[in-house]
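Scroll down for the structure; my scribbles are underneath it.
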Amino acid sequence: NVRPPGYEPDELPTALPRDIVVQIYNNSVDLQIFCKKFFIHLILLNLCMAKILKIYPENPQESAIDEVVKTLKNGGLIIYPSDTIYALGCNIFDIRAMEKLAQIKKTKLDKAQFSIICNDLSHLSEFTKPIDSAIFRFLKNRVPGPFTFILEANKNLPLAYKGKKTVGIRVPDHPIPKLIVEKLGHPIASTSIKDDDEVIEYSTDPELIAEKYDHLVDIVIDSGYGDNVASTIVDLTSGEPEVLRQGKGEI
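Structural data, given as structure tokens:
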């Protein structure tokens with residue numbers, strides 16, 4: 003008898019496929035078939051697990067960064083560290099990857115507000131309308147840093163951003179995302195990782211983050227504990243800085 007005592011089918015461990023759970027509950031499972039199905043299930047789960055890459059910001063391994071870049075080019079999703087909190091990222095020009103990112107955030111792609119992560123200000127003209135010299139000096143004095151700047155979008159945005167009138171630009175003061183963007187050759191799309199805890203808003207432990215997103219992303223970059231304060235969001239669309247969310251960065 004392989005039926006666990008005192009359990010209903012929906013209360014049995016969910017690591018098993020439901021058809022096997024029901025068979026166990028009904029005592030109708032063939033143990034040989036069960037073992038084969040179970041091990042196939044474990045193999046498939048293992049194939050879907052995210053790879054955890056230890057990358058130290060003081061001395062990032064080039065081979066590890068190359069692996070991350072290759073994953074992004076192939077449509078994969080990553081979790082990476084920044085100068086604020088850990089974040090989800092993907093190739094900004096890969097529409098399927100962008101859709102996956104939206105699914106994780108439980109929103110539709112056309113409703114999503116994903117930041118654009120750059121390694122410097124050289125990408126501004128690709129995504130934003132021309133800005134005056136005063137705003138450019140304001141930006142230059144604060145990047146890299148813990149800020150997300152809202153600027154007017156131009157008509158050359160990637161497909162996933164089409165129709166958006168504004169876009170959030172971020173240049174983190176952290177070597178890993180900067181190296182990823184540099185090696186990739188263009189910015190990545192990004193969104194923060196929220197914590198389910200009612201007290202702590204953002205997840206800081208990369209191991210716990212990896213457990214939570216294990217089957218949703220391809221790579222989790224472990225660079226030690228992250229911060230739990232997000233970037234400061236500054237709206238520059240009116241020509242005058244307006245803080246929409248006070249975060250780590252001070253204006």
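What the sequence shown shows, in the numbering used here, is residues 3 to 253, in sequence order.
Note that CB positions come from ideal geometry on N, CA and C, so glycine has one too.
Residue i in three-state terms, based on DSSP
i	result
E244	strand
D68	helix
Y204	strand
F149	strand
V236	strand
L55	strand
L90	strand
I97	helix
I211	helix
I223	strand
I253	coil
Rounded C-alpha distance that separates residue i from residue j
i	j	result
V173	P146	5 Å
K102	G241	34 Å
L238	S135	13 Å
E263	G78	Outside the shown range of the chain, which is 3 to 253, sits residue 263, and nothing can be said about it.
Y82	V219	11 Å
K142	I119	15 Å
P160	T73	19 Å
Y58	I97	30 Å
G228	I87	5 Å
D216	S194	16 Å
D85	K180	11 Å
L246	V236	6 Å
L186	Q115	22 Å
I137	E252	17 Å
A89	A212	12 Å
Y163	K53	29 Å
N76	V231	31 Å
P62	G226	13 Å
S124	I133	13 Å
F95	I80	15 Å
A99	I152	23 Å
E64	A104	29 Å
Other residues of its chain near residue i: CB distance less than 8 Å, five sequence neighbours each side excluded
i	result
N158	E128 and F129
L55	A66, E69, V70, I221, V222, I223 and D224
K140	First, the amino acid is wrong: residue 140 is Phe here, not Lys. These residues qualify, in order along the chain: L238 and P243.
Q1	In the structure as shown, the chain begins at 3 and stops at 253. Residue 1 is therefore absent and cannot be evaluated.
K167	E154 and A155
D112	G165
Other residues of its chain near residue i: CB distance less than 7 Å, five sequence neighbours each side excluded
i	result
D122	V173
N156	F129, T130 and K131
V183	I119, C120, N121, P189 and I190
H176	P59, P83, S84 and D85
Contacts around residue i, its chain only, beta-carbon distance under 6 Å, and the 5 residues preceding and following it disregarded
i	result
S117	T150, G170, R172 and S192
M51	D216
L44	Note on L44: pLDDT 39, under 50, position unreliable in the model; no value is reported.
P148	D85, T86, S233, K250 and G251
G91	I80, Y82, I190 and S192
Quiz item: Can you find at least 3 beta carbon pairs, one from the segment 203 to 222 and one from the segment 107 to 116, that sit closer than 8 Å?
Solution: no
Self-check item: Inside the segment 111 to 198 only - beta strand (DSSP E) runs reaching at least 3 residues
Solution: The segment 111 to 198 contains, as complete beta strand (DSSP E) runs of 3+ residues, the segments 117 to 119, 149 to 154, 168 to 172 and 190 to 194 (chain order).
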